[in-house]
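Single-structure report; data block below.
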Amino acid sequence: MTVEISRVESAEVGRQLGYDLFRFGRQSDNGNLAQSVVEGYAQARARGIDRESPDRFTRKWLQLRMSAFERARAFDVAVTPELLRRIDVDVCPIMRIRLTHGSMQDSDWSVDRINNDGAYALHNLAVISTRANVAKGSRSFDEVYELARGVRCEAGLAPEHWLRLASVMLGPCFVDKPDSIPIIPLAAPIPMFTARFVGQIIQQLITLEAKKASGKNVLIKRFARACNDERSLWRLKFMIETIHVGLKGLDYPWDVWLKPRVMAAFVDWHRSLTLAGCAAAAAIAYDSAPVERVSMKGLQTWSLDAHGYAKY
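Numbers in our numbering are just positions in the sequence shown, counted from 1, shifted up by 25.
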């Protein structure tokens, strides 16, 4: 019975894909298309539905769905052309190059499943360059972070590129095991609508606000409530001041976290907090930079127990 239901579900996914391929004007001239996809295409054509001209987000959405279907990867219904539009960026956060579209170069935009063991799902997708995506391949976070701590280029990426990639991968790769998440430099901005943990949210908030003296003072005032004694308060002030000074003259503010004194100051402050202080810092961060939290129900769409594969 399970096998039979799975076949029905798979066929329905294929037919819906075929239906949308026709709807958005794609030609069905590929003899390798699955039978269910062909059926959905033929059904849409028989109904005479109006065909639409797709923009690049819809074309990418269809491409991702086709790739997922052909590889039996799970594809979350929350992943839509509109979501792709909202996570789109102009510059690759890994390579820091302006993204191109349809140029057949490694600067072309691509949509990456950040956690390779997760599905095409909400909170697990980011727009990066094809070059960065290909270099990442099937590597795990641990493999990427190991390359970030090296001294040589690998797959065309220098250690600083691998560190930026590790920064992007951190939240999604530890979403089901938050107790073991490491504290690493936030070498790249956190992509929109991706999973992130509270330490990253604090790092991002400080990066964006600590450059100005007024922002520095506001940060100290906010996070002072999380400090349980004079020692942790002093470390907070020292950390914010160190970042404030370190941000001066930087073209990319995220490079401030590459400075050893900055990371050391952040870790020292973080370790000086009690459990209650950590909880208070988390609440302050969420209040200052509201983010959509990944619920357990939402995490089910990642198919982590099946390594991102569809369960049909």
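Cβ coordinates follow ideal geometry from the N, Cα and C atoms, glycine included.
Rounded to whole angstroms, the gap between the alpha carbons of Arg76 and Lys161 is 37 angstroms. Pairwise C-beta distances place the stretch 93–111 out of contact with the stretch 249–265, as fewer than three of them are shorter than 8 angstroms. Annotation: Glu185 to Asp131 spans about 18 angstroms, alpha carbon to alpha carbon. Along the length of the stretch 115–142, whole beta strand (DSSP E) runs at least 3 residues long occupy 134–138, reported in chain order. Unbroken alpha helix (DSSP H) stretches of 4 residues or longer found wholly inside the stretch 172–245: 184–198 and 223–234, given in chain order. Your pair Ala212 and Trp282 checks out as a contact, with CB atoms roughly 6 angstroms apart and the cut at 8 angstroms. Note on geometry: alpha-carbon atoms of Ala290 and Pro214 lie some 20 angstroms from one another. By the beta-carbon neighbour count (other beta carbons within 10 angstroms, threshold 16), Lys202 is exposed. Distance from the CA of Ala235 to the CA of Ser128, rounded to the nearest whole angstrom, comes to 38 angstroms. Beta-bridge analysis with DSSP links Ala151 to Asp137.
Residue nearest to Thr299 within the set Gln325, Met288, Ala251 and Gly271 is Ala251 (criterion: CA-CA distance). About 5 angstroms separates the beta carbon of Ile227 from that of Ala310, a gap short enough to meet the 8 angstroms contact definition. Residue state for Arg256 is assigned as helix, using DSSP reduced to three classes. The C-alpha of Pro285 lies about 16 angstroms from the C-alpha of Arg189. Per DSSP, the continuous alpha helix (DSSP H) segment holding His295 begins and ends at Pro285 to Ser297. With a threshold of 16 other beta carbon atoms within 10 Å, Ser135 meets it and is buried. In the three-state scheme derived from DSSP, where H, G and I count as helix and E and B as strand, Arg318 is classed as coil.
Judged by DSSP in its simplified three-state form, Phe100 adopts strand.
When secondary structure is reduced to three states using DSSP, Tyr145 falls in the strand class.
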